[in-house]
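Notes follow once the structure below has been shown.
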Amino acid sequence: MDDFWKDWALSTDRGRQRWQFKGTEVPGDEELERAFAAFRFDKRKNPNASDLILRALRLDGKDLGERDADTASAALRQGMEYYAALQLDDGHWPGDYGGPLFLLPGLVTASVVTETPLPVIHRKLIARYLFNHQNEDGGWGLHIEGRSTAFGTVLNYVALRFLGHGPDHKAMRRAQNWIREHGGATSVPPWGKFYLSLLNLYSWEGNHSLLPELWTLPRWLPFHPGRHWCHARLVYLPMSYCYAHRIQIPESELVAAIREEIHLLPYAETDWRKSRDEVNGLDVHHKPHPFLAALHFLSDAYERNPVKAWRGKALAFIREYLDAEDEQTGYVNLGPVNQVINSIAAWHAHGKDSASFRKHHDRWFDYLWLAEDGMKMNGYNGSQLWDTAFATQAFCASRHAPDFSATVRRAYGYIAETQIQEDGGDGERFFRHPSTGGWPFSTLEHSFPITDCTAEGLLASLAIHEAFPEMEPSIGPERMALAADLILSLQNRDGGWATYEPTRAPKWLEILNPTFIFSDIIVDHSYTECSASCIRALHRFHRCYPGHQPRQIERAIDEGVRFLLSQQREDGSWIGSWGVCFTYATWFALEALSTQGKTCRNSPEAKAACDFLVSKQKDDGGWGESYESCVERRYIQHERSNAVNTAWAALGLMAAQSPDQEAIDRAIRLLIERQQKNGDWEQGSISGVFNANCMITYASYRSVFPIWALANYDGNSKSEIRNPKL
Ligand code: LAN
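Residues 25 to 750 in our numbering are what the sequence shown spells out, letter by letter.
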């Protein structure tokens, strides 16, 4: 390995991940070029990096034995050995959680507004990442696989300018051309207008009012912001703070230059009011409802002369809420968007030297991830618990599990330590559902429990107890019951489960969605995947602890299953909301149905789902879904089959006891054939999604799901498959 990489280490502390540079000198451009040459990232071949830096560092000096596995059992073992070697001492599996291309511009904006530059080496690596993900037409997409949009292009161009890249650099020129040919920067969607306003590249006049007063309205109103999906309300919270204070950096030569580069008209001549509603057609995923225009009309009129006392009261509440969220999450904050905007609000309210701002700043680094495409911003402070819970279940499902007891013990340690043991802060006042017994997606410090993370945490713990009865049960019956009770408390009236909280607002409230770029952002409604996880968890818990709330649990499962069946589409499939896409949700649904004995043998629904899956199998035996399935809401084949989609489909078919053994055998054969000599699988196309339009990387999936599929196959199947390569 190049010496440069030896200067990097992923430091971890109870799941907290931070890439640290130990070197004393920042390398020059040539040296950096040489260091990256070892990994060869080429967006045209695959925009998805393979997380090679982490893996090279983890595996340095370990001998995994290079060989082609001959059977499913051998491939399984090799996959487990490889993946076990990536586990960290604290028991979790780290991994790349990048994908969205609008997060780094937020961080750069925060660092510019608060005059807190990022370290030089970070700046270089971030720029490298941004250039690496520039599309051939000179623009950037919403995410790494997406076509160029005004949002992606303007924000990343501006970020690079503030990172010190001049306008005449070749790639920068191409980006400028893209912006100018596509109508200039006034056409960025509202979140882009917000960031540009902070940077004084766009007037606050050009934004619709973010009406902080909404927070002071009576809470019983069905549209109160406290009822919005937590990610929406906690992004709009600091946004409305910044908007109300019209926070903006001073004009400077650089600002004047960028204004000229990105706008078609001279800045002073821009009609800002008109540009409030200007959004580039390439960016539009969700057209706002006409009703929203009427609301904007009223709020913009109010904004011309806001009632001072009312605004003051609203801002005082917002400040209190921001401080409370900071405290509850240890300044990690709910996600990467509000973390950096909260940082700006903290800097504004408390000052640059305040403890609050310093703690925010410290957390910026929890979101940065280093891979062979450069330094990116993760979509969360990691996917630690989620990945660990799945990996644990996959390992426990395998016949080889006893040989990996040390791995499972460490994972159990992480899972046990990450279960939330108390409700944080003033929950009621700040719209928090109780947390006790739940699991978050990433770390304990983050502390927001999620329905399906709680379910998968519980399932993983139960799987360990079953597979390793001799292992000390760190999570005893009381803690298991707390998790089950929390899941019960999170069930919706329609029988399903949403993500973080029970649904608090009617579905029509989605008409308030002003983003243009996302759908399903205002209302946290029931989802197939979350519901399926909760059903599986309640079922397994009930089997192990039949005395705890048996009636309630049975009823919850029945209602959950009814919800799942109501979501099945005519063609037998389920559409995914958090993974790509139909293979993902159909697998979840089939697993949940199978716990109720609904399989191809007796259930027309399970049979229809299996028929659907088999109809999408490719000639090579695999499945490959394009991310566009999520955007278009119909199955869109990817040109290449993908180990992750193949594993989901195979797992679904096996859970449903599909009689089409041939389809399953062919899928398993592809997984064996595609396995690399070290036990890894190639990084295929992107696997995760949110809000229907933005994709996100789950680097762990390429190992975890093939392992799980091979484990189930190896444990149950009579047929003996041989690697066709051998
Ligand atoms: C996540 C990550 C985890 C994910 C699962 C648990 C996998 C899912 O089953 C439920 C939804 C959830 C919790 C989820 C929701 C949306 C998130 C938080 C993300 C995809 C990670 C990043 C994304 C967040 C919204 C990104 C910031 C963008 C905004 C629009 C605010």
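The beta-carbon is built from N, C-alpha and C at its ideal position, and this holds for glycine as well. The structure displayed is predicted, hence computed values, not measured ones.
For GLN592, same chain residues with a beta-carbon under 8 Å away, outside a window of 5 residues either side, are TRP598, ALA613, GLU629, ALA632, ALA633 in chain order. Rounded to whole angstroms, the separation of the alpha carbons of GLU649 and GLY163 is 25 Å. Rounded to the nearest angstrom, the gap between the Cα atoms of VAL303 and ILE203 is 13 Å. Looking from the CA of ASP27, the closest CA among TRP228, SER35, ASP37, PHE60 belongs to PHE60.
Assignment of ILE660 by DSSP, reduced to helix, strand and coil, places it in the coil class. Rounded to whole angstroms, the Cβ separation of THR523 and THR475 is 6 Å, and the two are in contact under 8 Å. Judged by DSSP in its simplified three-state form, LYS701 adopts coil rather than helix or strand. Positions of the alpha helix (DSSP H) runs, each at least 4 residues long and wholly inside the region 274-354, are given as 277-286, 296-299, 314-327, 332-352 in order along the chain. In this structure, DSSP gives HIS566 a helical state, which the three-state scheme calls helix. Per DSSP, THR539 lies in no alpha helix (DSSP H) and is assigned neither H nor E.
Note on geometry: alpha-carbon atoms of ASP390 and GLY448 lie some 21 Å from one another. With fewer than 16 other beta carbons inside 10 angstroms of its own, LEU750 counts as exposed.
In terms of Cβ geometry, THR610 and PHE587 do not form a close pair [threshold 8 Å]. Nearest neighbour of GLY603 by Cα position, chosen from GLY739, ALA716, GLY375, THR173, turns out to be ALA716. Around the beta carbon of TRP463, a 10 Å sphere encloses 16 or more other beta carbons of the protein chains shown; the residue is thus reported as buried. Contact between the region 45-60 and the region 76-85 is absent: fewer than three C-beta pairs spanning the two stretches fall below 8 Å. According to the DSSP assignment, MET399 belongs to the beta strand (DSSP E) that extends over 398-401. Taken through DSSP and simplified to helix, strand or coil, PHE492 comes out as coil. DSSP, reduced to helix, strand and coil, places ASP37 within a strand of the structure shown. When the five nearest sequence neighbours on each side are left out, the beta carbons in the same chain lying within less than 8 Å of the beta carbon of GLY230 are those of THR210, LYS217, SER221, THR294, TRP296, ARG297, SER299, ARG300, in order along the chain. In this structure, the beta-carbon distance from GLY461 to GLY115 does not fall below 8 Å. With fewer than 16 other Cβ atoms inside 10 Å of its own Cβ, THR48 counts as exposed. Taking C-beta atoms as the reference points, THR431 and ALA108 count as a pair closer than 8 Å. Proximity to PHE315 across GLU534, LYS46, GLN443, ASN70 peaks at GLU534, based on C-alpha coordinates. At least one heavy atom of the ligand LAN falls within 7 Å of the beta-carbon of VAL361.
Within the same chain, LEU512 come within 7 Å of GLN576 by CB-CB distance, once the 5 residues on both sides are set aside. Secondary structure within the region 361-432: the alpha helix (DSSP H) runs of 4 or more consecutive residues, fully enclosed, are 379-388, 408-420 (chain order). In the DSSP assignment, ILE720 is bridged to GLY712.
The Cβ neighbour count for LYS400, taken over all protein chains shown within 10 Å, is at least 16; the residue is labelled buried. Annotation: LEU289 to ALA395 spans about 39 Å, alpha carbon to alpha carbon. At least one heavy atom of the ligand LAN is found less than 7 Å from the C-beta of ILE720. Under the DSSP definition of a beta bridge, PRO124 partners with HIS167.
In the displayed model, GLN515 falls within a strand according to three-state DSSP. In terms of Cβ geometry, GLU349 and LEU241 do not form a close pair [threshold 8 Å]. The C-beta of LEU322 has fewer than 16 other C-beta atoms within 10 Å across all chains shown, which makes the residue exposed. For GLN44, the secondary structure class from DSSP, reduced to helix, strand or coil, is strand.
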